[in-house]
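Notes follow the structure.
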Amino acid sequence: MLNRKLIILTLISSLLIGILSIPMVLGQITVYDSTFPLEEGKRVRWETVNATESPYNDFEYIRFTVDKIYNDTFDGPNSLIVNYTLEFYHNFAWIYEDHNSFYLAYNYSMNYLNWSKVAYLDALPLVVPTPINFTLIGDAIEKSGPLNYSFSDTKLTLDYRNMTTVELTYNSKGISTIIEKITNRTTMFKWELVTSDVVIVIPFENYFIIAAMFTTGLLVVFEVRYKKSRFKN
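Numbering of the sequence shown is given in this note's numbering, commencing with residue 12 and proceeding in unit increments.
Structure representation (structure tokens):
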């Protein structure tokens, strides 16, 4: 009887762990000949692996969520348009930076790109549509102020002409795998893409799962000890 309970409890615990560690499933949406690498509701996350500049050294993770993808006109031709949410993870909670905001309008065949402030002001084009046009992306960001840009293979480099550069490396889907800001040869922040949607530092909404697993383990230990004590007596 005890072995049967242990097997059941082990299976339940394994299932819960599996649910917590399911990797991201990334779809894509195509409008005309322009494709965004994430479906609505999908998200990607980066981990801060190095940061010396405030406030980035306070954020363990950065998360990008696609809220809406649609075909419409945005100050230009009919385009693939994306709304997004950007969040930072700090002190066991996600903090909104932008929520359900306009991200970009893109039409590859018409060489058209209109970007939101996350690229214009923050120089962080975290996810780009495909086919990737680095010249178009660089030109769009360059409109925000005095900077130069260059690209090589899969890396886009933004040069602010004040000893500061932002380097972005993209995979074939158009998702940035490494984002690094460098000032005077010192890394201000460096983010790396995380291939799973699970936050290692468990957020509050997952505490009950951890508590349930912990409680299950304690119950098993107590039952084993109880049966042993009865056997001895």
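For glycine and all other residues, C-beta sits at the position ideal for the given N, C-alpha and C.
One or two residues paired with residue i in a DSSP bridge
i      : result
THR5   : Coverage of the chain is limited to positions 12 through 244, which leaves residue 5 absent and any answer about it impossible.
ASN111 : None; ASN111 has no bridge partner.
ILE80  : VAL93
SER161 : THR168
TYR117 : LEU91 and LEU124
ASN61  : LYS201
ILE73  : TRP57 and PHE99
For residue i, the three-state DSSP class (helix, strand or coil)
i      : result
ASN102 : coil
LYS201 : strand
LYS53  : coil
ASN68  : helix
PHE145 : helix
VAL139 : coil
SER45  : strand
Contacts around residue i, its chain only, beta-carbon distance under 6 angstroms, and the 5 residues preceding and following it disregarded
i      : result
THR188 : THR180, ASN182 and LEU204
VAL129 : LEU135
TRP126 : LEU115 and ALA151
MET90  : Per the sequence shown, the amino acid found at residue 90 is Ser instead of Met. If we look at SER90 and ignore the five residues flanking it on each side, its Cβ neighbours are ALA116, TYR117 and ASN118.
Presumed contact (8 angstroms Cβ cut-off) between residue i and residue j, rounded CB distance
i      : j      : result
LEU124 : ILE143 : Not really, about 11 angstroms apart at Cβ, beyond 8 angstroms.
ASN118 : SER163 : Wrong, their Cβ atoms sit about 25 angstroms apart, outside the cutoff.
TRP105 : ILE190 : Wrong, their Cβ atoms sit about 18 angstroms apart, outside the cutoff.
THR139 : LEU49  : Contrary to the premise, residue 139 reads as Val rather than Thr in this sequence. About 11 angstroms separates the two Cβ atoms, so there is no contact after all.
THR84  : PHE70  : THR84 to PHE70, Cβ: 35 angstroms. No contact.
CB contact below 7 angstroms: residue i versus chain D
i      : result
LEU137 : The displayed structure is made up of one protein chain only, and chain D is not part of it.
Alpha-carbon spacing of residue i relative to residue j, whole angstroms
i      : j      : result
THR176 : THR194 : 7 angstroms
LEU97  : GLY185 : 17 angstroms
LEU167 : GLU178 : 6 angstroms
VAL36  : MET199 : Because the pLDDT at VAL36 is just 40, under 50, the model does not fix this residue reliably, and the value given afterwards should be weighed accordingly. Looking at the two C-alpha atoms, the distance is approximately 31 angstroms.
GLU51  : ASP78  : 6 angstroms
GLY87  : HIS110 : 24 angstroms
ASN173 : SER65  : 19 angstroms
ARG54  : ARG74  : 7 angstroms
PHE113 : ILE80  : 10 angstroms
Proximal residues to residue i (C-beta, below 8 angstroms), its chain only, five neighbours per side dropped
i      : result
ASN122 : ASN144 and LEU147
Close beta carbons around residue i, own chain, < 7 angstroms, minus the five adjacent residues each side
i      : result
TYR171 : LEU158
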